[in-house]
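One structure is given below, encoded as structure tokens.
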Amino acid sequence: MAVGEKREPVAPVHLFSHGSTMMLGEESASATYWKKCGDDALANGIEHVVIMGAHWASASPGTILISSNPTPAKSPVAFVHPSKYKPYTLNPDLAFTPTIQEHLSAAGIPSKLDPTFDWIHDTYLILIRMFPSSCPPTTILSMNSMFDPHLHVAIGAALRPLRRLQNKTLFIGSGGAVHNLFRNVWAPMLRYRDNFAQPTPPEAWALDFRQEVIDTFCAGHEDRAPPYGSEIRSLGGVGGPLLRRKATSLMKHPKYREAHATDDHFMALLFVAGLVGSKHDVDARGVMGAEDWELTNMCNSQFTLGSWE
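Numbering (full-length UniProt numbering) for the sequence shown: 1 to 309.
This is the structure:
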């Protein structure tokens, strides 16, 4: 951005690690932060929410799916009492799907409507925590099962114009900073329903990759490690084309495959990098507003890029 040029007013973008299903039923720092982000969105007049999750993917090359079920059901949630989610009424934003498809088509990205898709916990878990009183009009986007990082960045880039405040749209990527189900310690959750038990510290690979994600979305944060549980803020802008390159390069990191045995929970990070990857986003600052460790090795980091100011 040129010196003296006024920053384009756009809505912030959230990158949330939704964690295990028990994140819906248990109180946590992440849940508190999600609620704060929802309150801020409502206070700023948000009318549309668009989410890319981690549990739905299109198998057609280069194509994504868009939820268009007028009465979606909820997939069951393990280890959570039904009273926590069954009464919550979903609110599919069918009127907004043509706008999303128009922007994707203009970028050469094919999309199809799916009128049969039922929502999964990676999306409605977040919505219930952010907007407990009522679900705002929401659209769910699928990933593509080829897990091409550049395609998912391009999807975010294609929809970036909808971040302008006059569009009243909030974008959320729901995935995981460190999410390898094969390396988690499941016994405390299965035996005692304790998803936050840490009988041993997280392993080095999990800590290392967690730090790489923080350094990508909160670049330039203070050198001294802040106390665990405290907010981490970038000292300068983290957005722009460099963010897209840094996010995609994480898939080549030596610890990536240990941190993500499958690619599905990483695509949300790339989607967000595309949304905040314009040359107009170079001044967008990043914050890790909350974090929880589950199952010893699963790191649920919650990021916001940009602000309402």
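C-beta: ideal position from N, C-alpha, C; glycine also.
By the DSSP assignment, the alpha helix (DSSP H) with residue i in it spans what residues?
i      : result
Lys36  : 29 to 43
Glu258 : 256 to 259
Ala187 : 187 to 192
Ile100 : 97 to 106
Could you pull out every residue in the same chain whose Cβ sits closer than 6 Å to the Cβ of residue i, ignoring the five residues on either side in sequence?
i      : result
Ile140 : Ile51, Ser67, Thr123
Glu291 : Ser301
Trp56  : Ser142
Arg164 : Val10
Phe147 : Asp263
Gly236 : Gly220
Ala59  : Ser145
Gln101 : Ser111
Tyr88  : Ile128
Glu258 : Trp205
Is the separation between the beta-carbon of residue i and that of residue j shorter than 7 Å?
i      : j      : result
Ser145 : Leu65  : no
Phe271 : Ile172 : no
Trp308 : Lys255 : no
Gly45  : Lys168 : yes
Asp114 : Ala73  : no
Ser234 : Arg160 : no
His48  : Phe96  : yes
Ala247 : Asn180 : no
Val238 : Ala219 : yes
Pro201 : Asp194 : no
His253 : Gly176 : no
Ala54  : Leu170 : no
Asp93  : Thr63  : no
Thr304 : Pro12  : yes
Leu243 : Ala273 : yes
Asn69  : Thr116 : yes
Gln135 : Leu190 : According to the sequence shown, residue 135 is Cys rather than Gln. No, the pair does not count as a contact, with Cβ atoms beyond the cut-off.
Since residue i is in the beta strand (DSSP E), which residue starts that stretch and which ends it?
i      : result
Arg233 : 232 to 237
Val13  : 13 to 17
Leu207 : Segment 204 to 217 is the alpha helix (DSSP H) holding Leu207; no beta strand (DSSP E) there.
Ile172 : 169 to 175
Ignore the nearest five residues each way along the sequence and tell me which others in residue i's own chain have a CB closer than 8 Å to its CB.
i      : result
Met1   : Because the pLDDT at Met1 is just 45, under 50, the model does not fix this residue reliably, and the value given afterwards should be weighed accordingly. Counting only Cβ-Cβ distances below 8 Å, and skipping sequence neighbours, we find Arg7, Lys279, His280, Val282, Asp283.
Leu24  : Val77, Val80, Lys84, Tyr85, His121, Leu125, Ile128, Arg129
Thr32  : Ala290
Lys36  : Gly289
Leu151 : Gly62, Ile109, Asn144
Which residues in the same chain have their Cβ closer than 7 Å to the Cβ of residue i, if we skip the five residues on either side of it in sequence?
i      : result
Gly4   : Here the model assigns Gly4 a pLDDT of 43, short of 50, so the residue's position is not dependable and the matter cannot be decided.
Pro241 : Gly277, Lys279
Pro226 : Ile232
Pro149 : Thr248, Met251, Leu270
Ser28  : Asp292
Glu294 : Gly19, Ser20, Asn195, Phe196, Asn300
Leu43  : Correcting the residue identity first, residue 43 is Ala in this sequence and not Leu. Answer for Ala43: no residue qualifies.
(request) Take every Cβ of the segment 207 to 227, pair it with every Cβ of the segment 292 to 304, and state whether three or more of those distances are shorter than 8 Å. (result) yes
(message) Count Cβ pairs between the segment 101 to 116 and the segment 147 to 161 that sit closer than 8 Å; are there 3 or more?
(response) yes
(message) What ranges does the beta strand (DSSP E) occupy inside the segment 55 to 82, keeping only unbroken runs of at least 3 residues that lie completely in it?
(response) 64 to 67
(message) Quick check for students: name the residue ranges of the beta strand (DSSP E) that lie wholly in the segment 235 to 304, counting only runs of 3 or more.
(response) 285 to 294
(request) Check whether the segment 177 to 196 touches the segment 9 to 23, counting contact only when three or more Cβ pairs, one atom from each stretch, lie closer than 8 Å. (result) yes
(request) Let me know the alpha helix (DSSP H) ranges lying completely inside the segment 112 to 157, each 4 residues or longer, listed in chain order. (result) 121 to 130
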